[in-house]
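Scroll down for the structure; my scribbles are underneath it.
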Amino acid sequence: MQRIMAEKAKELLQNGTVNRVLGWKKGEFVYDITPAVFNNTEEIDAEFVYDDFCANNLSKYLIKESRKEGKVLVFLKPCDTYSFNQLLKEHRIWRDHVYAVGIPCDGKIDLDCLKKQDIQGIVGIETQNDNFIIHTLYGDHTIAKEDALAERCLNCKSKKHVIYDELIGRDGEVLDSHRFDMVEKIEAMTPDERFAFWRGEFSRCIRCNACRNVCPACSCENCVFDNPKSGIANKAAADSFEENMFHIIRAFHVAGRCTDCGECSRVCPQNIPLHLLNRKFIKDINEFYGTYQAGEDTESRAPLNIYNTEDVEPSIVYKKGGNH
Amino acid sequence: MQKIGVFVCWCGSNIAATVDVSAVSEALSHEPGVVYATNYQYMCSEAGQNTIKDAIKKYGLTGIVICSCSPRMHEATFRKTAAAAGLNPYMVEIANIREQCSWIHKDMATATEKAIILGKAAIAKVHLNAPLTASQSPVVKRALVIGGGIAGIQTALDIADAGFEVDIVEKSPTIGGKMSQLDKTFPTLDCAACILTPKMVDVAQHEKIKIYSYSEVEAVKGFVGNFEVTIRKKARYVNENVCTGCGLCTEKCPQKNVPNEFNLGMDKRRAIYIPFAQAVPKVATIDANYCMKLKTGKCGLCEKICTAGAIDYSQKDQLIEQKYGAIVVATGFNPIKLDNFEEYSYSQSPDVVTSLEFERITNAAGPTSGQLLRPSDGKHPHTIVFVQCVGSRDTSGCGKPYCSKICCMYTAKHAMLTREKYPDTDVYVFYIDVRTPGKNFDEFYRRAAEEYGVHYIKGMVGKVAPKADGKLMVQASDLISNEQLHIDADMVVLATAIEPDKSARPLATMLTASMDTNDFFTEAHPKLRPVESPTAGIFLSGTCQGPKDIPETVSQAGAAAAKVIGLLAKDTLTANPCVAHSDEMMCNGCSSCEKVCPYGAITYVDKEFRMPDRTVAIRRVAVVNEAVCQGCGACTVACPSGAMDLKGFSNSQIMAEVDAICK
Numbered sequence: 009m010q011r012i013m014a015e016k017a018k019e020l021l022q023n024g025t026v027n028r029v030l031g032w033k034k035g036e037f038v039y040d041i042t043p044a045v046f047n048n049t050e051e052i053d054a055e056f057v058y059d060d061f062c063a064n065n066l067s068k069y070l071i072k073e074s075r076k077e078g079k080v081l082v083f084l085k086p087c088d089t090y091s092f093n094q095l096l097k098e099h100r101i102w103r104d105h106v107y108a109v110g111i112p113c114d115g116k117i118d119l120d121c122l123k124k125q126d127i128q129g130i131v132g133i134e135t136q137n138d139n140f141i142i143h144t145l146y147g148d149h150t151i152a153k154e155d156a157l158a159e160r161c162l163n164c165k166s167k168k169h170v171i172y173d174e175l176i177g178r179d180g181e182v183l184d185s186h187r188f189d190m191v192e193k194i195e196a197m198t199p200d201e202r203f204a205f206w207r208g209e210f211s212r213c214i215r216c217n218a219c220r221n222v223c224p225a226c227s228c229e230n231c232v233f234d235n236p237k238s239g240i241a242n243k244a245a246a247d248s249f250e251e252n253m254f255h256i257i258r259a260f261h262v263a264g265r266c267t268d269c270g271e272c273s274r275v276c277p278q279n280i281p282l283h284l285l286n287r288k289f290i291k292d293i294n295e296f297y298g299t300y301q302a303g304e305d306t307e308s309r310a311p312l313n314i315y316n317t318e319d320v321e322p323s324i325v326y327k328k329g330g331n332h
Numbered sequence: 007m008q009k010i011g012v013f014v015c016w017c018g019s020n021i022a023a024t025v026d027v028s029a030v031s032e033a034l035s036h037e038p039g040v041v042y043a044t045n046y047q048y049m050c051s052e053a054g055q056n057t058i059k060d061a062i063k064k065y066g067l068t069g070i071v072i073c074s075c076s077p078r079m080h081e082a083t084f085r086k087t088a089a090a091a092g093l094n095p096y097m098v099e100i101a102n103i104r105e106q107c108s109w110i111h112k113d114m115a116t117a118t119e120k121a122i123i124l125g126k127a128a129i130a131k132v133h134l135n136a137p138l139t140a141s142q143s144p145v146v147k148r149a150l151v152i153g154g155g156i157a158g159i160q161t162a163l164d165i166a167d168a169g170f171e172v173d174i175v176e177k178s179p180t181i182g183g184k185m186s187q188l189d190k191t192f193p194t195l196d197c198a199a200c201i202l203t204p205k206m207v208d209v210a211q212h213e214k215i216k217i218y219s220y221s222e223v224e225a226v227k228g229f230v231g232n233f234e235v236t237i238r239k240k241a242r243y244v245n246e247n248v249c250t251g252c253g254l255c256t257e258k259c260p261q262k263n264v265p266n267e268f269n270l271g272m273d274k275r276r277a278i279y280i281p282f283a284q285a286v287p288k289v290a291t292i293d294a295n296y297c298m299k300l301k302t303g304k305c306g307l308c309e310k311i312c313t314a315g316a317i318d319y320s321q322k323d324q325l326i327e328q329k330y331g332a333i334v335v336a337t338g339f340n341p342i343k344l345d346n347f348e349e350y351s352y353s354q355s356p357d358v359v360t361s362l363e364f365e366r367i368t369n370a371a372g373p374t375s376g377q378l379l380r381p382s383d384g385k386h387p388h389t390i391v392f393v394q395c396v397g398s399r400d401t402s403g404c405g406k407p408y409c410s411k412i413c414c415m416y417t418a419k420h421a422m423l424t425r426e427k428y429p430d431t432d433v434y435v436f437y438i439d440v441r442t443p444g445k446n447f448d449e450f451y452r453r454a455a456e457e458y459g460v461h462y463i464k465g466m467v468g469k470v471a472p473k474a475d476g477k478l479m480v481q482a483s484d485l486i487s488n489e490q491l492h493i494d495a496d497m498v499v500l501a502t503a504i505e506p507d508k509s510a511r512p513l514a515t516m517l518t519a520s521m522d523t524n525d526f527f528t529e530a531h532p533k534l535r536p537v538e539s540p541t542a543g544i545f546l547s548g549t550c551q552g553p554k555d556i557p558e559t560v561s562q563a564g565a566a567a568a569k570v571i572g573l574l575a576k577d578t579l580t581a582n583p584c585v586a587h588s589d590e591m592m593c594n595g596c597s598s599c600e601k602v603c604p605y606g607a608i609t610y611v612d613k614e615f616r617m618p619d620r621t622v623a624i625r626r627v628a629v630v631n632e633a634v635c636q637g638c639g640a641c642t643v644a645c646p647s648g649a650m651d652l653k654g655f656s657n658s659q660i661m662a663e664v665d666a667i668c669k
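For the protein sequence lines, the chains are U and G, in the order given.
Here the first sequence is numbered in this note's numbering, starting from 9 and rising by one per residue.
Here the second sequence is numbered in this note's numbering, starting from 7 and rising by one per residue.
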């Protein structure tokens with residue numbers, strides 16, 4: 009796949025369709041993937057990579073990239089196309105400055121899964137049927153895919169590319185995912201248990217802002233947490249609860265716009281399951297206003313931006329308060 | 007730092023009886039920025055207002071806080087007071103210590119504490135207030151009346167007589183409404199048609215009035231003075247301008263089995279019809295649900311016999327866009343469905359009828375040509391039982407909790423007229439109370455009971471059961487003599503509760519006009535502004551606001567017209583300066599605000615910005631049209647980046663209030 013994509017990139021660079029390519033390259037280690045812009049075929053040959061570690065959603069980078077001269081080629085996995093579409097809907101990306109190539113995805117590796125299996129010194133990866141062969145300095149490891157894939161990939165919501173200019177390989181379908189199972193478990197908790205659960209998770213937060221910085225929905229020109237006028241920017245938290253509010257505020261800010269790409273949880277160095285907050289909103293929106301998938305299209309009105317007489321009454325929160 | 011004056015009103019004993027006003031002014035005098043605090047018996051009185059004016063001048067106040075009644079009551083008053091003393095009127099904040107404090111608390115200590123907190127919140131807000139200047143917006147000098155019953159007709163005539171253009175939108179093929187179905191009208195017993203029909207003709211002939219019959223309001227945009235309304239003119243398959251109303255088609259149409267809604271389904275009409283002889287406009291309408299030509303493509307008889315060539319099977323619904331300065335809602339009422347009242351056997355016996363059906367039976371143009379005949383066998387009934395409050399004053403949940411107001415009087419009318427025309431008929435009226443407040447109303451009822459020998463019995467009917475001999479067994483209780491009664495009746499007439507027309511609820515949503523739990527439109531003030539909706543530019547006429555009889559409806563219709571005329575007589579309206587504005591440095595250009603704006607006040611422009619890294623970037627940013635914005639604040643909530651803010655109610659002001667309350 010990496011070879012086909014590199015060929016495609018070089019072809020489009022050479023025939024002048026695009027003047028640069030947004031893709032992935034290796035960092036210090038093979039599994040340490042970073043998004044990168046390639047300006048010519050030589051750079052592609054030298055550094056372009058696409059493998060089971062290339063988890064990064066490239067859509068958000070297009071906000072800046074699409075504002076530059078000329079067209080940029082971007083490779084989008086199915087879930088990335090939802091983010092791309094949502095950003096188009098919000099007029100954040102200049103569509104005519106982007107050439108989007110849809111690429112297939114069979115799920116990406118969660119490095120923590122490998123760490124848990126004590127796999128160290130990784131130097132390469134291969135796929136063999138339902139297994140990954142991980143090459144390490146200390147020999148090869150065979151590991152079942154379901155033991156190595158990220159949670160968001162095991163519960164993949166869609167293999168369908170909702171938008172692209174060109175597709176490599178065949179398009180997939182929207183999947184019947186179990187992504188709300190954990191949300192249901194949390195909903196079933198008593199308020200006290202739920203409070204304790206989230207206090208526990210949030211207590212690990214170091215406010216590195218990685219979740220916000222990677223989130224395609226968190227792309228405000230001026231984030232409220234950076235805006236001195238907001239009264240909360242750079243403010244020392246009064247107590248640990250106030251500190252926890254960061255994630256809750258962030259979830260509210262992206263509600264109705266979050267496509268559930270899962271980047272927040274992927275980048276969290278403290279392994280806080282941040283995606284669960286977003287999924288709770290998505291699940292509620294689905295139940296209150298009918299099924300809605302942010303980024304599925306660019307025309308529909310988001311449920312939180314529209315009012316219908318059939319909308320639930322605010323009292324629904326009392327009925328859905330969980331177990332008391 | 008603002009120099010703030012605090013004025014605590016006693017409101018006589020309304021506030022002072024529950025709130026220690028001196029303690030409030032004393033406590034608030036120590037708040038930061040407060041340079042003067044006082045209390046007075048009636049702040050809104052001339053003396054009270056002078057206290058405010060003097061203090062503004064003496065202390066050089068830059069902001070004032072009035073702790074008094076709801077801002078809906080006197081905010082405008084105190085803004086004027088401030089303006090008269092040279093202070094920008096938007097530097098006034100009201101702390102509502104009456105409706106939201108003294109009226110709902112019994113304990114003085116609690117109420118005083120809360121009043122102080124509310125005062126602190128208002129002080130915190132006024133610190134962040136900025137002077138605002140109102141702009142002017144033009145008024146479209148045309149009114150829309152929704153509903154063409156007696157309410158709509160009277161309102162339209164009164165507005166038109168004052169020289170303004172009026173459009174009436176009526177959903178049925180003719181104007182006239184419920185009154186056109188009535189026989190006689192209480193308490194004078196003049197014939198409804200005789201007094202209504204000339205008004206209908208006046209409407210048709212008035213050069214300032216345009217009737218959109220068989221039409222409905224599809225969408226409403228805009229605001230007071232500048233409403234943009236889309237009207238759906240439903241296809242009637244007859245060219246209105248050509249049809250002469252000769253009625254030949256309505257006699258020849260082979261589809262004879264259509265329930266006639268004008269007679270409440272008690273007889274039949276054709277698929278092409280004119281609802282009644284005096285219909286306005288007097289043009290035929292094809293009922294697409296029954297017309298063979300429209301359903302199967304076969305027939306076309308009406309087209310062949312129409313000498314005027316008015317039939318047009320290809321007609322489509324038409325959407326008409328029109329601008330209005332004011333909108334009057336006159337959507338009227340309907341009797342409720344009787345599904346929840348099976349004990350009266352309405353669905354089992356044709357001889358159990360509603361009062362409106364009885365009205366048609368006694369009407370000369372009705373299904374029996376005015377002869378009082380039983381629907382089941384066409385025989386003259388000798389015993390008639392009238393049941394009052396069927397679904398009215400019902401707290402069981404089956405009916406309506408309110409009194410339908412008109413039933414006592416029309417039942418007295420029905421009973422009296424029956425006894426007058428058919429003295430051999432025994433007439434019983436079962437009632438909870440007889441309510442006859444109104445000019446000449448009680449006299450009318452007494453005449454029915456005393457002169458006409460109608461048997462008024464206090465008590466409710468428990469059951470009506472059809473018997474094998476065709477009679478109706480009426481089981482009831484007489485509460486005064488405390489006995490159970492069994493009456494063999496020939497007919498039972500149910501004084502069915504009335505409810506607002508079903509079209510009112512979606513219309514209220516379109517108009518952003520509020521309704522009560524019974525779907526009656528609410529007034530801006532139940533006593534002082536009874537014909538205005540809280541939504542500016544929306545007025546209420548007739549039973550859409552609450553049950554009322556014809557005299558009351560006509561007076562209210564005239565009152566609504568007077569309010570409309572007062573509005574349309576102005577060339578411009580002073581706009582509300584509390585409008586939204588977007589901080590373009592923070593705006594993402596995402597369109598969320600544009601999508602939620604009910605007034606279409608937000609547009610987007612691509613604008614060049616110098617970025618921190620000295621580059622120039624083009625960004626899409628929101629721009630608010632201040633003349634169109636009504637300051638509802640929906641955009642400020644929808645904005646994900648916090649760029650959108652409302653002048654006079656900024657996010658920082660609201661947060662300051664919350665902080666002050668939580669401190």
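Backbone N, C-alpha and C fix where the C-beta goes; we use that ideal spot for every residue, glycine too.
Item: CB contact below 8 angstroms: residue 16 of chain G versus chain U; Value: no
Item: Chain G contact for residue 27 of chain U (CB, 8 angstroms cutoff); Value: no
Item: Contacts that residue 515 of chain G makes with chain U (C-beta to C-beta distance below 9 angstroms); Value: 315, 317
Item: Reference residue 211 of chain U; option with closest CA among U:82, U:97, U:139, U:281; Value: U:281
Item: Length of the line joining the Cα atoms of residue 650 of chain G and residue 656 of chain G; Value: 9 angstroms
Item: Exposure of residue 149 of chain U, with buried meaning 16 or more beta-carbon neighbours within 10 Å; Value: buried
Item: Integer Cβ distance of residue 98 of chain G from residue 70 of chain G, believed to fall under 8 angstroms; Value: 5 angstroms
Item: Opening and closing residue of the alpha helix (DSSP H) in which residue 102 of chain G lies; Value: That residue, residue 102 of chain G, is in no alpha helix (DSSP H); its beta strand (DSSP E) goes 98-102.
Item: Spatial neighbours of residue 235 of chain U in its chain, beta-carbon cut-off 6 angstroms, leaving aside the 5 residues before and after; Value: 241
Item: Euclidean distance between Cα positions of residue 232 of chain U and residue 231 of chain G; Value: 38 angstroms
Item: Complete beta strand (DSSP E) runs within the segment 518-565 of chain G (minimum length 3 residues, chain order); Value: 544-546
Item: First and last residue of the uninterrupted alpha helix (DSSP H) at residue 354 of chain G; Value: From DSSP, residue 354 of chain G is part of no alpha helix (DSSP H); its letter is neither H nor E.
Item: Environment of residue 146 of chain U [buried if 16+ CB atoms lie within 10 Å]; Value: exposed
Item: Residues near residue 484 of chain G by beta carbon distance below 6 angstroms, same chain, minus five either side; Value: 463, 465, 491
Item: Range of the contiguous beta strand (DSSP E) that encloses residue 358 of chain G; Value: 358-360
Item: Residue 385 of chain G at chain U interface by Cβ criterion, 8 angstroms; Value: no
Item: 8 angstroms Cβ cutoff, residue 131 of chain G in contact with chain U; Value: no
Item: Residue 148 of chain G, DSSP secondary structure in three states; Value: strand
Item: CA-to-CA distance, residue 76 of chain U to residue 67 of chain U, given in whole angstroms; Value: 15 angstroms
Item: Backbone CA spacing between residue 668 of chain G and residue 17 of chain G [nearest angstrom]; Value: 27 angstroms
Item: Residue 327 of chain G - partner residues in DSSP beta bridges; Value: G:236
Item: Option in G:331, G:499, G:228 with minimal Cα separation from residue 518 of chain G; Value: G:228
Item: Residue 310 of chain U to residue 133 of chain U span [Cα, whole Å]; Value: 40 angstroms
Item: Beta-carbon proximity list for residue 639 of chain G, same chain, < 8 angstroms, skipping 5 on both sides; Value: 586, 652, 655
Item: DSSP-derived helix/strand/coil call for residue 153 of chain U; Value: helix
Item: Own chain residues within Cβ distance below 7 angstroms of residue 37 of chain G, not counting five before or after; Value: 126, 129
Item: Residue 32 of chain U, DSSP secondary structure in three states; Value: strand
Item: DSSP beta-bridge partners of residue 221 of chain G; Value: G:239
Item: Chain G contact for residue 309 of chain U (CB, 8 angstroms cutoff); Value: yes
Item: Residues that DSSP places opposite residue 69 of chain G in a beta bridge; Value: G:10
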